[in-house]
Structure formats: C-alpha cells, structure tokens
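Just so you know, the sequence shown maps onto residues 1212 to 1532 in the numbering used here.
Beta carbons are placed, not taken as given, at the ideal position from N, Cα and C, and that holds for glycine.
Report on the structure given below.
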Amino acid sequence: MTEPKKKATILIVDDSEMIRNRIRKVLQQEKDPAVDCIEAEDGIKGYKELLKGTIDLVICDLIMPQIDGFKLMELVKNHPELKNIPMIMLTAEGEQKKKNRALEKGASDYLTKPFDDAELSARVRLHLELKLLHDQLKKANQQLTNLSNTDALTEIYNRRYLMTSMVQEIRRVKRYQTPLSFLIMDLDDFKNLNDTYGHQAGDQVLRDVCERLQGVLRQTDIFARYGGEEFALLMTQTPIANAERAAEKLRKVIAKTPFTIQGETIPVSLSGGLSCFIEGKIDTIDAMIMAADQALYQAKGTGKNRILVSEECLEQISVEE
C-alpha cells in the first residue's frame, strides 16, 4: 500500500484580502485539494510563517507595507534553510522593470495582475513539481555523501572521511593554536577470534565494539574504522593529557564486559597509541599517524590491553599537568 501523497503548503502574502481569497479559492477548488494555504497580510507575518519550516511555495505581492516583496525575497534567499523555496511574485500590468528585478533577485516566476486562474494553477503546479525534484535530488546526494563517508560494516566513519577531517583540523590547529590529539586502537588477538569462530562472528564483534565505544564518545570526536580491526579517533580541541584519560575510558569499556560469541562468553581487549599535534615535530597527518602507530606497536609489544602515548607527546603531558 503506497503512502498518501503529502499535501504541499503554500504561503500567500498580499495586503489585499480579496487577492488572498481569490488565490486560495483557485488553488483549493477541488473537493480534496492537493495544497494547504496559509495567508499573511504583510512581509513580516509572511517571514514568520516561513521560519516555521512548513512552507513549500510562496506567492507574494511585490508592493506591500512594512516589508515589500523584494525585501521578503532577500530575507528568504539569504536564509540557508529557506533559500530553495520557490517564490512566485505578483506584479501589476506594465511593471516590466520590477518583473526583471524580481527574477534577478531570485524569484522563480511572476504573474501579472489581473491573473488568469488556469495560469496561476499551472505555474504553481509546475514549481511544486520542480521543488519536489530538487528535494529528492538533495536527499539522494546526501545519501551518497553519507555512503561515501561511512564504513559499510560498522556504520561509523571510514578512513576516507577521517583523512579529510584531519586535513581540516590540522589547518584549524595551525591557525588558532588549539590542541589536537589522535588515537589508533587495535583489537588484541582478533585474528585468533576470527580463526576460531569465523568471520561472521568477527564482524559482529566489530559492530558490538563500535556500539560500546560510541556510547562513551563525545559528539565532537571523529570516530572511524581505520582498517580491519583498527579504529581511529580524532579528538579536536583536546590536550594530550585529556586524550589519554579519554582513551583509557575507551579501553576499559571494552575490557570490563566480555562479549557473547556463539553462546560463549569471550573477553575482548584493545590496545591504543596516542599522538598529538606539536608544531615543528608532529605537525602533519603522516607524522601524527606515524607517532600514534609507533605507540600502538609498543603497547602491543608490552602486554596488550593498554594505551601508550608517543614519546614526543609525553613531554606535553608533564607541561599540561
């Protein structure tokens, strides 16, 4: 069963009650009209209605008291959430310069008063269809962007998005001198788990690990699957001492509660390596990754289930504390 088609909401802005009533009558002449109409007698009231976020199309007179059609159109086109709403402007006969100006300012169309009912209906229908196509395209593009930035298995960010974010954050650090920390985590003995229980069980553990970690992450943290059983965390505006405490919290949330695999309770742990941005020493993406990777290697080689800070960043901890 298909969902019922959503009614479009049209805002009619005109200081003439007679004009507003006529437009409403034309657009709602069917027994079950496809549109809802909201009226406003001036630009200020019209803009307040627009800010509610329910309007699909605006029909607006150019000449009105307080805020005229040109000013209302300027407000709409400069608002990031409203700028794509189509606007049909009403003009008087012989006002060609105003028509041209309206189109230059971003009007989708115009109608000359006195307008033909059939023409009004046809133009409204056309621009509603165009807006629907625009909204569908925008949604599809957002979905594609999300897919390109998301790891298919765990549904967290992927390595591609992480690298893009690191470029942006390092630029910000260099400009504003804010702290930046980077953590690489690796599940301990994950190959043995895969070999013993199979890759499907391993995949489920990866998903469960991500779910646990996300439960304690901050909204500003950029959490990504780095590859295989490796994960990365970019901690913006976070000094290395704070990052170390946050990393320990992540390690503990994995280690404290075993995972259930095929009816068995299996302990899982992770090791991590931390690095931080240091001007002149660790001030590139490659340098931050390499420093964190070396610390991870040391953590693996000294017992696992631990977080180690890169040697260069250890000095920063003593300074911060």
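Query, Result
"Ala1245 beta carbon less than 9 Å from that of Lys1218", "yes"
"Run of the beta strand (DSSP E) containing Tyr1437, from where it starts to where it stops", "1433 to 1438"
"Three-way DSSP call (helix, strand, coil) for Lys1463 in this model", "helix"
"Whole-angstrom distance between Thr1495 and Glu1459, CA atom to CA atom", "25 Å"
"9 Å Cβ cutoff met for Val1464 and Leu1404", "no"
"Boundaries (first-last residue) of the beta strand (DSSP E) holding Gly1484", "1481 to 1487"
"Test: Ala1454 CB closer than 9 Å to a CB of chain C", "The question asks about chain C, but that chain is absent: this structure has only one protein chain."
"Status (buried if at least 16 other CB within 10 Å, exposed otherwise) for Glu1440", "buried"
"For Ser1521, the three-state DSSP class (helix, strand or coil)", "coil"
"9 Å Cβ cutoff met for Thr1431 and Thr1447", "yes"
"Counted within 10 angstroms of its Cβ, other Cβ atoms place Asn1352 as buried (16 or more) or exposed", "exposed"
"Beta-carbon spacing of Lys1310, Met1300 below 9 Å", "yes"
"Reduced DSSP secondary structure (H/G/I, E/B, other) of Val1269", "strand"
"Uninterrupted beta strand (DSSP E) stretches inside the stretch 1381 to 1458 (no shorter than 3 residues)", "1391 to 1398, 1433 to 1438, 1441 to 1447"
"Span separating the alpha-carbon of Ala1502 from that of Leu1286", "50 Å"
"Residue interval of the beta strand (DSSP E) (run including Phe1281)", "Per DSSP, Phe1281 belongs to no beta strand (DSSP E); it is in the alpha helix (DSSP H), 1280 to 1288."
"Exposed unless 16 or more other CB atoms sit within 10 angstroms - verdict on Ala1510", "buried"
"Residues that Ala1251 bridges to, as DSSP identifies them", "Val1224"
"Beta bridge counterpart(s) of Glu1475 as assigned by DSSP", "Ile1472"
"Backbone CA spacing between Phe1401 and Gly1413 [nearest angstrom]", "8 Å"
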